[in-house]
Amino acid sequence: MQFALVTGQRTLPIKGGKGTCPICSAELIAKCGPRVIHHWAHNRQRNCDPWWENETEWHRKWKELFPEDCREINHEASSGEIHRADVKTRSGIVIEIQHSTMTDEERLSRELFYGNLVWVLDGSTFQQNFFILHSLPDPNWHLSDDLIWFPANKDGEGSRHGMCYRRSENEPGASMVLVCGDNRLVKEAIGTSIGHRQFCWVRPRKAWLESKCPVYIDFGQDYIWKLMLYGEQKLPCIYPVSKEKFVHDAMVEQEANAIATRFYKINP
Ligand SMILES: [Zn+2]
4 MQFALVTGQR TLPIKGGKGT CPICSAELIA KCGPRVIHHW AHNRQRNCDP
54 WWENETEWHR KWKELFPEDC REINHEASSG EIHRADVKTR SGIVIEIQHS
104 TMTDEERLSR ELFYGNLVWV LDGSTFQQNF FILHSLPDPN WHLSDDLIWF
154 PANKDGEGSR HGMCYRRSEN EPGASMVLVC GDNRLVKEAI GTSIGHRQFC
204 WVRPRKAWLE SKCPVYIDFG QDYIWKLMLY GEQKLPCIYP VSKEKFVHDA
254 MVEQEANAIA TRFYKINP
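For the sequence shown, this note's numbering begins at 4 and goes up steadily by one.
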């Protein structure tokens, strides 16, 4: 943890420091060794919040993108259950910064507990299994609703570069479809892209594909990828959002779902 209560004040770890836990009031001691991320730890017992994971450098960097008063915020349900959110913005959005895998049940219990929640995943742990493939057209392009894309496979020579059929050229519900052979059209369609891409996730972490709350994946770039469903065909896709915009929107939007849906001039 980055904050303990010291004489009632949220305080960063200082060498030799002692404080109390904002959730269970037990004693915390500061760990400020040369080879650890400076943090507070429970002195005698395990961390009182079973949802808390050990912090990595990656966690800490993410939290530090937000103002101090938004980090490690207790959230209490009407049942009296308390957990410590990694980030809770002033507008009420909870951001869980997640390095480890979790089961569907764990994911769901946190989504129900926090409600207005967005996940940011550490993609470095599964990057070698995650393939970012061809661009998809701007969903608002006039022909986008007519093109139905085949799910892309990293080993499928056609699908990995973009293969589709036209709704207007095929009977609804037909068992076979006529693949769109107009390469110029496919090229033009892909050329309208505003960022949506197909992906192929080998051995996917299924819990995230079924999440009810927005999920973003961080592969260590200046932008993160939002997991989305594309168009009427609801094709799984990803969409890039700059970290700067994500943080900005999380601070001003009221709902986690509204992040990255509206234009804001960020740097006046
Ligand atoms: Zn505690």
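Every residue, glycine too, gets a C-beta built ideally from N, C-alpha and C.
**Q.** Span separating the alpha-carbon of Ser127 from that of Asp221
**A.** 7 Å
Q.
Contact between the segment 235–242 and the segment 52–59 is defined here as three or more beta-carbon pairs at a separation below 8 Å; is this criterion met?
A. no
Q. Taking DSSP as the reference, what is the three-state secondary structure of Trp211?
A. helix
**Q.** Integer Cβ distance of Lys272 from Gln5, believed to fall under 8 Å
**A.** With the chain covering only 4 through 271, there is no way to say anything about residue 272.
Q) Would you call the CB atoms of Val189 and Gly165 closer than 8 Å? A) yes
(Q) Measuring straight from C-alpha to C-alpha, what distance separates Ala44 and Leu136? (A) 43 Å
Q. Using the C-alpha atoms, what's the distance from Asp72 back to Glu30?
A. 22 Å
**Q.** Identity of the residue in Glu108, Lys215 and Phe69 nearest Lys91 by Cα
**A.** Phe69
Q) Mind checking Ile227: buried by the 16 CB within 10 Å criterion, or exposed? A) buried
**Q.** Residue from Leu8, Gly11 and Ile17 with nearest C-alpha to Pro37
**A.** Ile17
Q: May I have the straight-line CA-CA distance separating Met254 from Asp89, to the nearest angstrom?
A: 14 Å
Q | Bounding residues of the alpha helix (DSSP H) (the contiguous stretch that carries His62) | A | Glu60 to Lys66
Q. What distance in whole Å lies between the Cβ atoms of Ile193 and Ser138, which are believed to be in contact at a cut-off of 8 Å?
A. 5 Å
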